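Just so we're aligned: the sequence shown equals residues 1 to 297 in our numbering. The structure appears below as structure tokens.
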Amino acid sequence: MRTNVAPDSETSPLAAILPSTPLLSSAQVGWRGITLEYFRYPPYETPEYSYPEHKIAIHTQVPQNLQVERRLDGRFQREQVTEEQVIVVPATVSHRVQWDQTSEFLILSLSPDLLSRAAYEAIAPDRVDLVPCLPKPDPLIQQIGLALKEELVNGEGDRLYVDSLVNCLAMHLLKKYSASPASLRPFQGGLSQQKLQQITAYIDAHLEQALTLAHLAALVEMSACYFAWVFKQSIGVAPHQYIVQRRLARAQQLLKNSDWMIAEIAIQCGFSSQSHLTRLFRQHLGTTPKAYRTMVE
């Protein structure tokens, strides 16, 4: 069924169908290829619409017996939605939905170019066509959506972490929601020793900077998606996890061997703030920077 494509909006990509302002939006923070919006909405019926981006809706807080009527790509369905369910609406596919109780949900808007970039090198479909998906549980998509929401709420600006989550989401969509499910091309041995040394040396020399997956991949002439995969094959952890480990190791050195303030150490090691350093220090090392400094003095 042909529908008008919803116009762009400076305030919200979804303003044409959900006029109320989202409780939370990443529209102004510069995430590449993806926008997250979080809504709490009373009973409502959207017009029929389509968008130039792929949309993923994730139900987060749903009242009991929430009744929904939905028409997706010409298919009509009455359903009882539960938490943890996701809906995939590919770009240009028509969709209309009506619900009868206040509920909370987040919507991820993905650029088709994002999936095309993910497909480059790592997989080889002739074209990237997502399949419309009525509500179903997908724990991985839910975890990614909630992790992106938490990152946005915390405001820590960890671009590499966001890139890694988005990369994982793109690969999952290509493998599980594509008209021609894709698989990773085989790659033997991970990164070459030369390229691995080049990347790890660059990371150590630039820990204080806002490293991105795309930039690291460009250093070894790979797509971000493929680089993330082969890096993990080589090191055993994802690029984001490796960089966190290196930043924490440098923070430990500075806490032990310098009299810098903890806030200054955080910035010099690439953390967005002292609280960002403290959260990850406690998460990975089981203590706080202050307690660690006291212990090693």
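Using N, Cα and C, we set each Cβ at its ideal position, and we do this for glycine too. In this text the structure is predicted, and so the values were computed from the model without any measurement.
From the options, pick the residue whose C-alpha is nearest to that of residue i; which is it?
{"i": "residue 51", "options": "271, 118, 110", "result": "110"}
{"i": "residue 119", "options": "172, 203, 142, 43", "result": "172"}
{"i": "residue 256", "options": "246, 56, 295, 98", "result": "295"}
{"i": "residue 116", "options": "99, 289, 169, 155", "result": "169"}
{"i": "residue 204", "options": "193, 167, 247", "result": "247"}
{"i": "residue 45", "options": "82, 155, 62, 68", "result": "68"}
{"i": "residue 25", "options": "178, 155, 208", "result": "155"}
{"i": "residue 228", "options": "206, 261, 191, 259", "result": "191"}
{"i": "residue 272", "options": "161, 297, 221", "result": "161"}
{"i": "residue 108", "options": "288, 130, 74, 141", "result": "141"}
{"i": "residue 253", "options": "297, 92, 216", "result": "297"}
{"i": "residue 74", "options": "81, 240, 286, 49", "result": "49"}
{"i": "residue 299", "options": "215, 112, 206", "result": "Residue 299 is absent from the structure shown; the chain starts at 1 and stops at 297."}
{"i": "residue 54", "options": "31, 129, 104, 100", "result": "129"}
{"i": "residue 195", "options": "215, 206, 221", "result": "221"}
{"i": "residue 167", "options": "216, 224, 206", "result": "224"}
{"i": "residue 193", "options": "286, 230, 57, 16", "result": "230"}
{"i": "residue 240", "options": "261, 216, 263", "result": "216"}
Look at the alpha carbon of residue i and the alpha carbon of residue j, and state the distance between them as a whole number of angstroms.
{"i": "residue 165", "j": "residue 292", "result": "30 Å"}
{"i": "residue 232", "j": "residue 59", "result": "31 Å"}
{"i": "residue 94", "j": "residue 78", "result": "17 Å"}
{"i": "residue 213", "j": "residue 65", "result": "42 Å"}
{"i": "residue 201", "j": "residue 244", "result": "15 Å"}
{"i": "residue 235", "j": "residue 18", "result": "44 Å"}
{"i": "residue 150", "j": "residue 143", "result": "10 Å"}
{"i": "residue 284", "j": "residue 36", "result": "27 Å"}
{"i": "residue 267", "j": "residue 259", "result": "15 Å"}
{"i": "residue 147", "j": "residue 180", "result": "28 Å"}
{"i": "residue 89", "j": "residue 158", "result": "28 Å"}
{"i": "residue 27", "j": "residue 38", "result": "11 Å"}
{"i": "residue 63", "j": "residue 102", "result": "7 Å"}
{"i": "residue 242", "j": "residue 98", "result": "44 Å"}
{"i": "residue 132", "j": "residue 177", "result": "8 Å"}
{"i": "residue 275", "j": "residue 47", "result": "43 Å"}
{"i": "residue 31", "j": "residue 14", "result": "17 Å"}
{"i": "residue 80", "j": "residue 152", "result": "29 Å"}
{"i": "residue 87", "j": "residue 56", "result": "6 Å"}
{"i": "residue 137", "j": "residue 270", "result": "36 Å"}
{"i": "residue 279", "j": "residue 16", "result": "38 Å"}
{"i": "residue 23", "j": "residue 282", "result": "29 Å"}
{"i": "residue 29", "j": "residue 100", "result": "33 Å"}
Run through the DSSP bridge pairs and tell me what residue i is partnered with.
{"i": "residue 39", "result": "105"}
{"i": "residue 16", "result": "Paired residues: none, contrary to the question."}
{"i": "residue 25", "result": "37"}
{"i": "residue 45", "result": "98"}
Since residue i and residue j are thought to touch, with beta carbons under 8 Å apart, how far apart are those beta carbons, to the nearest angstrom?
{"i": "residue 265", "j": "residue 251", "result": "6 Å"}
{"i": "residue 40", "j": "residue 71", "result": "With a Cβ gap of about 24 Å, residue 40 and residue 71 do not count as contacting."}
{"i": "residue 33", "j": "residue 114", "result": "3 Å"}
{"i": "residue 85", "j": "residue 139", "result": "No, residue 85 and residue 139 are not in contact; Cβ-Cβ is about 11 Å, not under 8 Å."}
{"i": "residue 211", "j": "residue 198", "result": "Going by Cβ atoms, the distance from residue 211 to residue 198 rounds to 14 Å, so no, they are not a contact pair."}
What is the residue span of the alpha helix (DSSP H) that residue i lies within?
{"i": "residue 88", "result": "Per DSSP, residue 88 belongs to no alpha helix (DSSP H); it is in the beta strand (DSSP E), 85 to 89."}
{"i": "residue 173", "result": "159 to 176"}
{"i": "residue 132", "result": "No alpha helix (DSSP H) contains residue 132, which DSSP labels as neither H nor E."}
{"i": "residue 239", "result": "239 to 257"}
{"i": "residue 284", "result": "274 to 285"}
{"i": "residue 151", "result": "139 to 154"}
Looking at the unbroken beta strand (DSSP E) that takes in residue i, where does it start and where does it end?
{"i": "residue 71", "result": "67 to 72"}
{"i": "residue 97", "result": "95 to 99"}
{"i": "residue 75", "result": "75 to 80"}
{"i": "residue 61", "result": "54 to 61"}
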